[in-house]
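Report on one structure; see the data block that follows.
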Amino acid sequence: MNSRNVVLFVGGLVFGFGLAYGGMSKPEIVLSFLQLRDYGLLLLMGAAMATTFVAINIVPRFVEKPVLGGEFKPRTRTFNRNTIVGAVIFGVGWGMSGQCPGSALASLGTGNLPVLFGIAAMFVGAYVMGRFFG
Amino acid sequence: MTNCEFIFKIRFLHGRSARSIMFPLGIYPYLVGGLIIGVGVAFVYVLTGLHATQSSFFSTTISYFSRIPYFQRKTYLESRDWRLFFAVGVILGAMIYAVTISPDGFWTTSVQWWRLLVGGFLVGFGTRLSSGCTSGHGISGLASLSTTSLYAVVTFIVVGVITANVMQLMGVAP
């Protein structure tokens, strides 16, 4: 097991703990945001984004490259029609079920076994996308 | 009625603060949870330069099993191991929360299985088509000041809100 994978595993532990701590492992809480009854999801997203912003935009001013090698490169994607069509389809699924990829994995960790329906379906969805539209 | 008047009425006529109406569970679980998530992403980025995001995990994991060229692309083969480690970490991290400080312990949703199934399919398909999800576009993309991600985030939030409200109007609960 190389050191990069260990870092990702530990980062995942922290990420999953934070998701569960912030209630995102419960589809009910995600739905309470989407039904506009509790705006907390925006706070969570904002706090996560602000912390990540520091790592992506400030840290590289003082540290030349990542500790384990590689390079600092912000996450950019080219904008095209699929960006929006995909986001619309994702939005429908999100609004229907209160699940997104990260929250579903965290939900499984908190013992929510029915979410396996969702995770299995996400694999199928990703497969169908790559197989027929990739 | 202006916004100020509205908040005034809620606060003084109904005895509830605007904050408790917008955030009935309080603001700290969300702020602290978001901060912890951000620390996880930042930790990975500073050490490796990688963006710890979620939805690619499905495609890269499929690459272990499918020979279809789409899944055998170089970026997937290079990232599939660490994405798997990250995903397992997310599951176990949430489990650690459940068995330590969570007031609920292990817990099961009351959202119907057919919603998880159909919704999950659309989430898997849509996030891959859009090249990002709530973490890829929503956290790492926005933190990278990507306009592509901004358009994606606004779109999936607006569509998610509309969908959830339509489902509610149709009498589907929760």
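Residue numbers (this note's numbering), protein chains in the order written: chain A, 44 to 177; chain B, -19 to 154.
We treat Cβ as the ideally placed atom computed from N, Cα and C, and that holds for glycine.
- Taking each of ALA74/B, ALA(-2)/B, HIS117/B and LEU30/B in turn and checking the Cα distance to PHE122/A, the smallest one comes out for HIS117/B.
- Proximity of ILE127/A to chain B, defined by a Cβ-Cβ separation below 7 angstroms, is satisfied.
- Nearest in C-alpha terms to LEU148/A, of all of GLN92/B, ILE81/B and VAL70/B, is VAL70/B.
- The Cβ atoms of TRP62/B and ASN100/A do not sit closer than 7 angstroms to each other.
- Judged by their CB atoms, MET172/A and PHE105/B are nearer to each other than the 7 angstroms cut-off.
- With fewer than 16 other Cβ atoms from the protein chains shown falling within 10 Å of its own Cβ, LYS54/B counts as exposed.
- Boundaries of the alpha helix (DSSP H) harbouring SER46/A: 46 to 64, taken from the DSSP string.
- The shortest C-alpha to C-alpha distance from LEU86/A to any of PRO9/B, SER36/B and MET150/B is the one to PRO9/B.
- Around the C-beta of ALA(-2)/B, fewer than 16 other C-beta atoms lie within 10 Å, and the residue is accordingly described as exposed.
- Annotation for ASP81/A: no alpha helix (DSSP H) segment contains it, and DSSP assigns it neither H nor E.
- In terms of Cβ geometry, GLY121/B and SER129/B form a close pair [threshold 7 angstroms].
- Nearest neighbour of LEU27/B by Cα position, chosen from GLY54/A, LYS69/A, GLY66/A and GLN78/A, turns out to be GLY54/A.
- Excluding residues up to 5 positions away in sequence, nothing lies with its Cβ nearer than 8 angstroms to the Cβ of ALA98/A in the same chain.
- Around the beta carbon of MET150/B, fewer than 16 other beta carbons lie within 10 angstroms, which makes this residue exposed.
- Taking the Cα positions, LYS69/A is about 26 angstroms away from ARG(-4)/B.
- Only exposed fits GLY85/B, as fewer than 16 other CB atoms lie within 10 angstroms of its CB.
- GLY6/B has its alpha-carbon roughly 39 angstroms from the corresponding atom of ILE42/B.
- The residues LEU87, in chain order, have a CB closer than 6 angstroms to that of GLY65/A in the same chain once the five nearest residues on each side in sequence are set aside.
- Cβ contact annotation for GLY161/A (same chain, cutoff 7 angstroms, sequence separation greater than five): SER140, GLN142 and ALA147, in chain order.
- Just so you know, the alpha carbons of VAL138/B and LEU56/A end up roughly 30 angstroms apart.
- Residue-level contact check: THR107/B touches chain A, since one or more beta carbons of chain A fall below 7 angstroms from its beta carbon.
- Residue state for ASN145/B is assigned as helix, using DSSP reduced to three classes.
- Under the DSSP assignment, LEU109/B falls in the alpha helix (DSSP H) whose first and last residues are 93 to 110.
- DSSP places LEU151/A inside the alpha helix (DSSP H), whose first and last residues are 144 to 152.
- If you draw a 10 Å sphere on the C-beta of TRP137/A, you find 16 or more other C-beta atoms in it, and that means buried.
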